[in-house]
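In full-length UniProt numbering, the protein residues as written are 1 to 303. Have a look at the structure below before the remarks.
Below is the structure:
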């Protein structure tokens, strides 16, 4: 019996008359139905790592409130110079700005690196990555869904941090207007709009470390290596950014405009650095993400 004849008999033997599609896939198989985003999000949000990250996002503003209240002293109260801590205790919105400023350079970098860097490498470490591909889930779809899930987690963590800071800071310090370090006052409505712009900028800027960790995650089977490699790389750039002898080269570092969101505290707003930071971050993120997809498409997945 020829192979063609055997295939025709197998197809005709099914109730519907079709076991195999022309592409070779079994009847009813749809690539777009595999590994839905809702399924991947449920898997990721049930992990202890994710629960721990969100717990830290809730706890950190509370810890900072306790530190600010317990650390107050007569010497600090008598200091007429406006500094970041003094402004932080003037209102809940000011406290939120202080939290963002305190976490931008390290804490949020680690959170984004963890959310993106752990997503693929952890599957490889557990030995479940090859089984997901054998389901079968198309490679590019699997990687895309994991990228989306990591993006939702990281942005969600940032929003939780800001929300808890606004609410807890408002309860502790009052729901007053924003007092900028230079003495400019912004009412609550405008302050909330500017805070939304700051969070949007940070969400885009931190995609650089997230996409870098995501690329590393497709290269290694060790989540710690992917996360640590991305964080270490960003810290190296942050250190080099302090070397003034490098001149204009520093403007092209991925960390060059990490605090450009503070320009939204100015009146009128100078958005030049923010615009440059957004474009530069998107370019870096696109390059690192493309490298991740390129490497994963060619990777021999054995774990």
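Even for Gly, the Cβ is constructed at its ideal location relative to N, Cα and C. Note that the structure is predicted; figures quoted are calculated from it, not measured.
With 16 other Cβ atoms within 10 Å as the buried cut-off, status of residue 268: exposed
Opening and closing residue of the alpha helix (DSSP H) in which residue 40 lies: 37 to 45
Q | Expected contact under 8 Å - CB spacing of residue 211 and residue 116 to nearest Å | A | 7 Å
- Query: Is the segment 139 to 153 in contact with the segment 237 to 247, if contact means three or more CB pairs nearer than 8 Å?
  - Reply: no
Determine the burial state of residue 106: buried for a count of at least 16 other Cβ atoms within 10 Å of its Cβ, exposed for fewer.
exposed
### Task
With a cut-off of 8 Å on the beta carbons, I'd call residue 214 and residue 292 a contact; round off their distance for me.
5 Å
key: Cα-Cα separation, residue 125 to residue 219   = 12 Å
Q | Reduced DSSP secondary structure (H/G/I, E/B, other) of residue 89 | A | coil
Thinking C-alpha only, which one of 259, 288, 283 and 284 is nearest residue 274? 259
Compute the beta-carbon to beta-carbon distance between residue 113 and residue 230, rounded to the nearest angstrom, for a pair I have assumed lies under 8 Å. 4 Å
Between the beta-carbon of residue 160 and the beta-carbon of residue 54, is there less than 8 Å?
yes
Query - Distance between residue 277 and residue 179 (C-alpha atoms, nearest Å) - result: 25 Å
| said: Could you check whether residue 95 and residue 165 sit closer than 8 Å to each other, using their CB atoms as the reference points? | reply: yes
- Candidates 185, 172, 202 and 118: closest to residue 67 by CA position: 172
CA-CA distance, residue 194 and residue 288? 29 Å
- [ ] With DSSP collapsed to three states, give me the class of residue 206.
- [x] coil
**Request:** Would you mind sorting residue 184 into buried or exposed? The rule is 16 or more other CB atoms within 10 Å of its CB.
**Result:** exposed
Self-check item: For residue 224, the nearest candidate out of 118, 46 and 263 (CA to CA)
Solution: 118
*asked:* For residue 108, count the other beta carbons within 10 Å of its own beta carbon; 16 or more makes it buried, fewer makes it exposed. Which is it?
replied: buried
Alpha helix (DSSP H) containing residue 298: first to last residue? 272 to 298
- prompt: Going straight from the alpha carbon of residue 264 to that of residue 138, what length do you get?
  reply: 43 Å
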